[in-house]
Amino acid sequence: MDPYLQETNFFQKIDDPHENIVFTTAPPVDFSGTPATVRSAAPALGQHSEEILLGAGISKNIVNKIINKGR
């Protein structure tokens, strides 16, 4: 990794349940009183599909059909 990027903490290491450890760019600002950090990895593809579809008012039966068709 580039020494300058290491020195400036350009990248942040994140534990990811699917990829073990991933590196992402750290937040571009640094506030001394409330430091910004990335708290979790991005969700897996489809991880929240059921919750979102149900929240949109789609019936559980239709949601199951949509999810099963996508697999």
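Counting from 972, one number per residue, gives the positions in the sequence shown under this note's numbering. Virtual Cβ for every residue (Gly too), placed ideally from N, Cα, C.
- Per DSSP, I985 is one residue of the beta strand (DSSP E) stretching across F982 to D987.
- In the displayed model, V1000 falls within coil according to three-state DSSP, outside both helix and strand.
- Taking 8 Å as the upper bound for CB-CB distance, V1009 and Q977 are not in contact here, some 17 Å apart.
- Leaving aside the five residues that flank S1020 on each side, the residues in its chain whose CB is nearer than 7 Å to its CB run, in chain order, I1038.
- In this chain, S1011 is not harboured by any alpha helix (DSSP H), its DSSP state being neither H nor E.
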